[in-house]
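As they're listed, the protein sequences go chains D and A.
Heads up: the first sequence runs through residues 17 to 192, numbered per my numbering.
Heads up: the second sequence runs through residues 396 to 495, numbered per my numbering.
Every residue gets a Cβ at the ideal spot worked out from N, C-alpha and C, and that includes glycine.
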Amino acid sequence: MDLVVFWIAAGVAVAAAVNLILQTKPINSVLSLVVVLFALAVLYLQLSAEFVAVLQIIIYAGAIMVLFLFVVMLLNLKKDEFSAYRKPLLRSFGVLLGGILIIEISLICRAFATSDAAEGPVVVGEFGSVGQIGRLLFEDYLLPFELTSILLLIAVAGVLILATKRTEPPPPEEHS
Amino acid sequence: MIPLSHYLLVSAVLFGLGTIGVVISRNLITILMSVELMLNAANLALISFARWHADPGGHVFVFIIFVVAAAEATVGLALVIAIFRRKNTVDVDGLNILKG
């Protein structure tokens with residue numbers, strides 16, 4: 017039963033990821049990525065990471081993807097303004113690079129398949145619960161956790177500078 | 396119980412697909428989404444290793460990666476909007492002002 021759920025979720029994730037690359041319209045790619053995120057949330061639940069699975073749906077699928085959708089709608093790109101893919105040489109290079117990467121990482125993963133840890137330890141019921149992660153965040157990982165707030169502050173300031181409309185005309189472009 | 400290698404295989408495939416998307420697509424928004432896909436593949440590997448070592452520290456790492464991904468997405472999309480305002484396109488082949 018576990019294996020069936022795993023293969024369904026993994027298959028959906030990989031198929032949606034392929035669809036993300038193949039789609040020519042950005043809006044379809046965004047929706048494919050949402051499907052990938054939900055399938056990954058199922059895998060997280062199987063790995064008894066409930067808190068991360070919920071965060072995945074709320075933050076990733078709920079917040080970040082809505083941001084992507086808003087930008088896609090805001091830009092309102094004309095259909096077939098340009099072809100979706102780059103030059104054929106670069107395209108075949110990309111597929112080759114990705115294929116080699118997949119094979120390489122899979123070969124590394126085979127080392128874990130043969131090791132004695134293939135079964136995994138038995139975890140207690142509270143593994144991955146909100147309480148446990150929260151205690152870790154505020155005790156062992158307090159400094160990185162506080163630093164994330166500074167990162168978010170910098171991101172907010174940067175976005176405000178980048179995306180606000182300036183009133184003065186932009187400098188001439190033929191300044192090379 | 397599903398072996399660890401299954402999860403790592405899915406993670407590897409997703410990461411590779413993300414790499415392919417970054418290299419072959421011309422649309423800046425699709426490139427950003429492929430980067431998000433690669434981050435998610437790394438997250439899956441972290442969660443499975445956390446499960447196999449029974450160490451919830453991996454979940455904390457994933458939490459921090461969420462924050463980094465959110466910051467990356469907002470700054471990246473703001474850059475896309477700024478580029479679109481200036482050049483009226485999101486085609487990466489059309490962006491060559493730094494070429495000199």
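Which residue marks the beginning of the alpha helix (DSSP H) containing residue i, and which one marks its end?
i	result
Ala173 of chain D	158–179
Gly147 of chain D	146–154
Met89 of chain D	81–91
Ile24 of chain D	18–38
Phe143 of chain D	Element bounds for Phe143 of chain D: n/a, residue is neither H nor E.
Tyr60 of chain D	42–62
Leu490 of chain A	Segment: none, Leu490 of chain A is in no alpha helix (DSSP H) and carries neither H nor E.
Ala69 of chain D	66–71
For residue i, does the three-state DSSP call read helix, strand or coil?
i	result
Asp450 of chain A	coil
Asn422 of chain A	strand
Can you find a CB in chain D that lies within less than 8 Å of the CB of residue i?
i	result
Val430 of chain A	no
Leu412 of chain A	yes
Leu490 of chain A	no
Can a CB atom of chain A be found closer than 8 Å to the CB of residue i?
i	result
Ala57 of chain D	no
Ala173 of chain D	no
Ile149 of chain D	yes
Ala77 of chain D	no
Ala31 of chain D	no
Phe154 of chain D	no
Leu159 of chain D	no
Leu105 of chain D	no
Phe54 of chain D	no
Ile166 of chain D	no
Leu19 of chain D	yes
Val70 of chain D	no
Under 8 Å Cβ-Cβ, which residues of chain D neighbour residue i?
i	result
Ala437 of chain A	Neighbours of Ala437 of chain A on chain D: none; closest Cβ ~11 Å, over 8 Å.
Ile426 of chain A	Ordered by position in chain D, no residue passes the 8 Å Cβ test against Ile426 of chain A, which lies about 10 Å from the chain.
Leu404 of chain A	Ser122, Cys125
Whole-angstrom Cβ separation of residue i and residue j, contact assumed at under 8 Å?
i	j	result
Val457 of chain A	Ile442 of chain A	6 Å
Ile476 of chain A	Ala179 of chain D	5 Å
Leu490 of chain A	Phe84 of chain D	Wrong, their Cβ atoms sit about 20 Å apart, outside the cutoff.
Val16 of chain D	Ala440 of chain A	Chain D is shown from 17 up to 192; residue 16 of chain D falls before or after that span and cannot be answered.
Gly144 of chain D	Ala65 of chain D	4 Å
Ile419 of chain A	Val88 of chain D	So it is not a contact: roughly 19 Å between Cβ atoms.
Leu195 of chain D	Leu36 of chain D	Outside the displayed range of chain D (17 to 192) lies residue 195 of chain D, so it cannot be described from this structure.
Leu432 of chain A	Gly416 of chain A	7 Å
Can you pull the chain A neighbours of residue i, defined as C-beta to C-beta under 8 Å?
i	result
Val139 of chain D	Arg446, Ala449
Ile73 of chain D	Going along chain A, no residue has its Cβ under 8 Å from Ile73 of chain D, so there is no contact; the nearest lies around 12 Å.
Can you pull the chain A neighbours of residue i, defined as C-beta to C-beta under 7 Å?
i	result
Ala100 of chain D	Ser420, Arg421, Asn422
Ala179 of chain D	Ala473, Ile476, Ala477
Ile118 of chain D	Ala407, Val408, Gly411
Val34 of chain D	Leu412
Val46 of chain D	Met428
So which residues on chain A does residue i lean against when the C-beta distance must stay under 9 Å?
i	result
Phe109 of chain D	Val418, Ile419
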